[in-house]
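Visitor:
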Amino acid sequence: MSYITRTLRNLRKIGFKEYWHQLNYIGDTKAGTLVGVDKFGNKYFENAEELPLRTRWVDYAKHDFDPSQIEPLWHSWISYAIDTPPNKDPIAITNRSWASPKHIPSLTFGPGAFRTYNTTKPKVKAWEPVAAPRQ
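Counting from -19, one number per residue, gives the positions in the sequence shown under the numbering used here.
1) So what's K23 in DSSP terms, helix, strand or just coil?
2) Would the segment 14 to 24 and the segment 39 to 53 be scored as touching if the rule is three or more Cβ pairs under 8 Å?
3) Taking the alpha carbon of P81 as the point to measure from, which residue in Y(-1), A93, D18 has its own alpha carbon closest?
4) Does the beta-carbon of K103 have 16 or more other beta-carbons within 10 angstroms, so that it is buried, or is it exposed?
5) When you compare each of L53, Q49, N98 to T74 by their alpha carbons, which one comes out closest?
6) With N27 and G7 assumed to form a contact (beta carbons below 8 Å), what rounded beta-carbon distance in angstroms separates them?
7) Quick check: what's the CA-CA separation for N(-10) versus L33?
8) How would you label E108, buried or exposed, when you count the other beta carbons within 10 angstroms and need 16 or more for buried?
9) Is the CB-CB distance between H1 and Q49 below 7 Å?
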């Protein structure tokens, strides 16, 4: 939870509508500069006045967000692996024909997740009761 002075300062900077949006989506209020927008519509912000490792954040385009919706270069920027944002890096701006044009979601915990199955017979067989039919 943040201090009341920081929260009120952010309310004054970003306005009530964005303040309410941030409370519902990220659970905290932050004021910063818009660094860029990726092809999925996610907005990336930065504020050097925040606490260390909390200076960069993403505002997802969809409410049902998944961290795999961040592009790889933006992911490296938001996790502090690189310092220049991908929209200002000349190498990152080049055409990447190998990149997928649509989002491939992470299916780790969803219904499409990979699950192994066993092909060997179990060593212990469960007991199944046999009852005589009723008359």
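Cβ atoms here follow ideal geometry from the backbone N, Cα and C, with glycine treated the same way. Quick caveat, the model's predicted, so the values are computed rather than measured.
Guide: Taking the geometry as given:
1) Translated into the one-based positions of the sequence shown, residue 23 becomes position 43. Looking at K23 - three-state DSSP - the assignment turns out to be strand.
2) yes
3) Stepping through the sequence shown from its first residue, residue 81 is reached at position 101. If we check each option's Cα against that of P81, D18 comes out closest.
4) Here residue 103 refers to the residue found at position 123 of the sequence shown. K103 should be labelled exposed.
5) What you label residue 74 is simply residue 94 of the sequence shown in a count that begins at 1. Per the Cα distances, L53.
6) Reading the sequence shown from its first residue, position 47 is the one you call residue 27. Reading the sequence shown from its first residue, position 27 is the one you call residue 7. Incorrect: roughly 16 Å between the Cβ atoms, too far for contact.
7) Position 10 of the sequence shown, counted from the start, is the residue given in the question as residue -10. Position 53 of the sequence shown, counted from the start, is the residue given in the question as residue 33. Cα to Cα, N(-10) sits roughly 18 Å from L33.
8) Your numbering for residue 108 matches position 128 in the sequence shown. Flag for E108 reads exposed.
9) The residue given as residue 1 occupies position 21 in the sequence shown. The residue given as residue 49 occupies position 69 in the sequence shown. Not in contact: H1 and Q49 (Cβ atoms no closer than 7 Å).
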